[in-house]
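Numbering (the numbering used here), first residue to last: 2 to 271.
Quick reminder that beta carbons are idealized off the backbone N, C-alpha and C, glycines included.
Right, one structure below, let's go through it.
Below, the structure is given as structure tokens:
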């Protein structure tokens, strides 16, 4: 179901990850994503898996809730696995006619699939443990030096946080519209590709209308509250680093250093 997709949602809890400064989580997530491309060995994947499991435990977010977000990337994973499996050169281990599977292709399909799962799980934890307002404040603080070259940092941060906040709202709206159309006899599952594409028109039209209506309501609400951008605005809860934030930075940097070391060791050995 559409509502099972959890990307962009916030899961309220009282964990150490929820209490961390949003800048720590943003920078940590960026370093985690970069670390996924610094190795290509089994030991690197084990190190990432251990780090990720530890972070999930500390977040107190149920794994079932996190795993729901993986449903949205199943098609992407299958598509990526197909091309890696059948179009990567190497030693042939299975062949039927012109279709062949190589050892490098099988290895790439498995490791790239695991890497994509790690990427989604790690980046999703940031939105699960950080409210949209915290994300806005954290992004604005991190990109604040760009104000010197006239980059609209506050507006960019606001747009990104609003986009993340609207993902679960639009997914819920899609689920409601789909159920309403199915109650009127609409069929979204049977038939070929063209028929399914045509059946989405009664779904997409009201969804776009709803999205524009919500955007207009949000704009009117911001104008009614005299929103004029970030110039001269103060924060009710200004961001300040605590001891736990420095400890979190130390843990993330230690993990990043271990991954880099594993990547260097892999290059020397192989």
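| said: For the structure I just gave you, are there three or more beta carbon pairs, one from the region 177-185 and one from the region 198-208, closer than 8 Å? | reply: yes
| message | Could you tell me the alpha carbon to alpha carbon distance between residue 22 and residue 191, rounded to whole angstroms? | response | 48 Å
| Those runs of the beta strand (DSSP E) which lie wholly inside the region 41-128 and span at least 3 residues | 93-97, 100-103
| query | So, do the region 60-77 and the region 109-123 have three or more beta carbon pairs nearer to each other than 8 Å? | reply | yes
| query | With 16 other CB atoms within 10 Å as the buried threshold, where does residue 217 fall? | reply | exposed
| field | Validate contact between the region 155-173 and the region 95-108 using beta carbons, cut 8 Å, 3 pairs | value | no
| Which of the three DSSP states, helix, strand or coil, is assigned to residue 14? | coil
| request: Assign residue 190 to one of three DSSP states: helix, strand, or coil. | output: coil
| Any 3 or more C-beta pairs closer than 8 Å across the region 39-46 and the region 134-153 | no
| Straight-line CA distance for residue 188 to residue 93? | 43 Å
| request: Please report how far the alpha carbon of residue 61 lies from the alpha carbon of residue 19, in whole angstroms. | output: 9 Å
| Of all the options 127, 159, 228, which has the alpha carbon lying nearest to the alpha carbon of residue 27? | 127
| field | Cβ-Cβ distance between residue 212 and residue 171 below 8 Å | value | yes
| query | Between residue 97 and residue 87, what straight-line distance do the alpha-carbon atoms span, to the nearest angstrom? | reply | 11 Å
| said: Could you compute how far the alpha carbon of residue 208 sits from the alpha carbon of residue 36? | reply: 38 Å
| query | Exposed or buried, what is residue 225 when buried is set at 16 or more other beta-carbons lying within 10 Å of its beta-carbon? | reply | exposed
| query | Can you give the Cα-Cα distance for residue 48 and residue 67, rounded to whole angstroms? | reply | 20 Å
| field | Cβ shell of residue 267 (< 8 Å), same chain only, five flanking positions each side left out | value | 40, 41, 42, 44, 45
| request: Can you tell me which of the three DSSP states residue 161 falls into? | output: helix
| said: Measuring alpha carbon to alpha carbon, tell me which residue in 64, 247, 131, 34 is nearest residue 11. | reply: 131
| field | Neighbour-count burial assignment, residue 260, 16 or more Cβ in a 10 Å radius | value | buried
| Sorted by chain position, which residues of the same chain lie with C-beta nearer than 7 Å to residue 59's C-beta, five sequence neighbours on each side aside? | 16, 17, 18
| request: Spatial neighbours of residue 210 within its chain, please: CB distance less than 6 Å, with the 5 preceding and 5 following residues excluded, ordered by chain position. | output: none
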